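Quick notes on the structure that follows.
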Amino acid sequence: MIDLLILGGTIVDGTGREPYRGDIGIEDGKIVAIGEVGCAGEQAAEVIDAAGLHVTPGFVDIHTHYDGQISWDPLLTPSCWHGVTTAIIGNCGVGFAPVAGDAHQWLIELLAGVEDIPAEVLSEAMVWGWESFPEYMDFLAEKPRVMDVGTQVPHSALRTYVMGSRGASDEEPTRAELSRMSGLVKEAIEAGALGFTTSRTTTHRALNGDPVPGTFASESELIGITEALAELGEGMIGVSPAGVAGEDDASTHKELDWMIRLSQQTGRPVCFNLTQGPGNPGLFREALSRAAEAVGQGADVYAQVAGRPVGLLMGLETTYHPFLDRPSFAALHPLPVEEKVEKLRDPELRAKILSEEQSYEGSYEGMIFARFDRMIPIRDETHYEPGYEESLAGIAEREGRSSSEVLYDFMLEEGGRRLLLFPILNFADGNCDAIREMLIHPRSVLGLADGGAHLATICDSSISTFMLTHWARDRQRGEKLPLEEVIKQQTLDTARLYGLEDRGTLALGMKADINVIDMDRLRLCPPEVAYDLPKGGRRIIQRAEGYAATLVSGVVTFRDGKETGTRPGQIIRGAQSAP
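FYI, in the numbering used here the residues of the sequence shown are 125 to 703.
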């Protein structure tokens, strides 16, 4: 008798082939039978009736920031609620190893600034038990969790560990320091790290406002560090390039120049973050074209793209709010939401706030907070490709009121818990056509979900569910994508980029990381603010409905959206070969 049977489901196997109805048999964490109904027999210790449901590989999320949360949360929420069975940490050049004992707080404040994770939460919850990267991996391996986790070596931690304060202030490393950094990367890759990452965008800053160490690193430094990957013939190179957040479009081609050279010299794939910025909305096409041309030049360069618009979630409990530049509102912002709502119901205060002029005029914030035509009230459903009529400006136009009045009244609904969606990146054209163009490009890979980061401004860790509901099923304002392609983009494609050939498809011998999904019921719940971090820390979460089961290594970790209490997740030790 085998361990588990999944019977009669519509199998979407991750390869891009058309779905088919069949069974899957699982034993010792691997798929031992797959094919037409009846191929695996009818006897097993556990049976999942998947009739009317879709069966897919578990999702491989290559861009998370659970580097801190992994210390206290064995579930890695919210990603676990969205079918993710493998998460990669250490992105954007930030993370917690290697680290000297006197640098713990410094790294906490770096992560707090870059990834909007409250420093007091990290200080309270982080348990330090390592210095070197191999020690870090051993420490993580001792903790049970629901999903597999892969690690990467972050440039900022590495640089500061070797160079001390000189590394933090972006001075050039000496030849000896560069050699040591390369040696430590080699040590980490040999211990099982999946790659090396760096950040060059000036929007990534520590709590004190300093750019992330390595932001201005020379090409020779990056080549010197990644010589270790070339020597071993292993590991990904991840880059958050200058200009990625739309702050400096002119940098894009310069960044691509050195990234292409880096891939050529190391023989390793380079994956860089790419979005559509509002200032130059066609620039992403040039970047994708350069990545495609580089293949013929002996380089292996990929653009990591998001599956939906990137922006802000705003409300009375979040970091940002369109009224923050109005003095009478700003004075209330630190108050608990209940007190804020009580005071904001005062008609005199309402009139005063609405009469105050915007003080952000001429600034980047002013550009954002004046765009009522892009601010979308979220009620029962979250529309990530909204039309003008759904915006505050569109509602105001229909109702004969000002956008500010509509916003004011909306934010008092549901006890002040309502949120606004404000797409900034990937929405320059007012639709998701550019995102579709990026997703189907042969040199792109799905990522940028940012689970564990930007906790009070976004919740894009639900992108894996959004890919199914929006792109494969519900899109109204343009072409959809085939379900089998949407599944492939977040299973086989993401797994293979990191050399994880043991997962990402449903086939004989493959790791039994599996989702069983009711596509008819699948939906994203509205995002909400929760105070469930250590010390009551705040974050935005988003749940889903419609996942009948999620399995990791053949063990059911979630059933109908509820955790089962099992913890089969492992720390991934390097690239994994196919069975």
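Backbone N, C-alpha and C define an ideal beta-carbon position, used for all residues, glycine too. Just so we're clear, the structure is a prediction, and the values are computed from it rather than from any experiment.
According to DSSP, what are the bridge partners of residue i?
i    : result
F546 : L436
Y671 : I641
T322 : V363
N397 : Q428
K635 : K154
R329 : P335
S568 : A427
F183 : V208
P278 : T321
V676 : V679
R145 : T134
D173 : L131
H189 : Partner(s): none; H189 has no beta bridge.
For residue i, which three-state DSSP category applies?
i    : result
L657 : strand
F220 : coil
T339 : coil
Y260 : helix
E687 : strand
A558 : helix
H578 : coil
R498 : helix
A418 : helix
H594 : helix
V161 : coil
Q700 : strand
A352 : helix
V270 : coil
A517 : helix
H445 : coil
R647 : strand
I587 : helix
L412 : helix
A168 : strand
Determine the direct distance from the alpha carbon of residue j to that of residue i, and round the result to whole angstroms.
i    : j    : result
R498 : D334 : 31 angstroms
G316 : P297 : 26 angstroms
L448 : R542 : 16 angstroms
Y190 : S479 : 42 angstroms
E669 : A619 : 25 angstroms
P703 : T201 : 30 angstroms
I384 : V286 : 27 angstroms
M250 : D240 : 16 angstroms
L131 : G153 : 17 angstroms
S306 : Q388 : 18 angstroms
Q167 : R691 : 25 angstroms
Report all residues from its chain with a CB closer than 7 angstroms to the CB of residue i; omit the five preceding and five following residues, and keep chain order.
i    : result
E160 : G146
R663 : L579, A580, A654, L657
K464 : L440, L456, G540
G217 : P278, H279, S280, T321, T322, S323, V336, G338, S364
For residue i, which residues from the same chain have a beta carbon less than 8 angstroms from its beta carbon, with the 5 sequence-adjacent residues on both sides left out?
i    : result
R560 : W595, G602, E603, L605
T399 : V368, A369, G370, F408, V429, A430, V434, L549, N550, L572
K467 : L456, L459, L473
A520 : F496, S526, S527, E529, V530
D617 : V569, L570, G628
Hey, out of the options, whose CA is closest to residue i's CA?
i    : options                : result
E255 : V465, P242, L234, A312 : A312
F546 : L516, A366, D574, T298 : L516
I548 : E379, R290, I500, I641 : I500
E462 : L536, V394, D553       : L536
E295 : S323, A330, E345, T325 : E345
V640 : I148, M125, R141       : I148
I349 : G338, S303, N404       : S303
T325 : R469, P268, S526, A341 : A341
W382 : A418, A558, E410, E355 : A418
R469 : A221, H178, E529, D373 : E529
T589 : E523, D553, T506       : T506
E355 : G362, F263, W230, V309 : V309
G288 : A416, V156, L231       : L231
D637 : G660, V610, P650, V680 : V680
For residue i, collect the residues of the same chain with a Cβ closer than 6 angstroms to its Cβ; drop the 5 residues on either side in sequence, then sort them by chain order.
i    : result
H328 : V238, V336
D137 : T629, L630
I194 : none
C556 : E509
I212 : I186, G274
E151 : I126, D127
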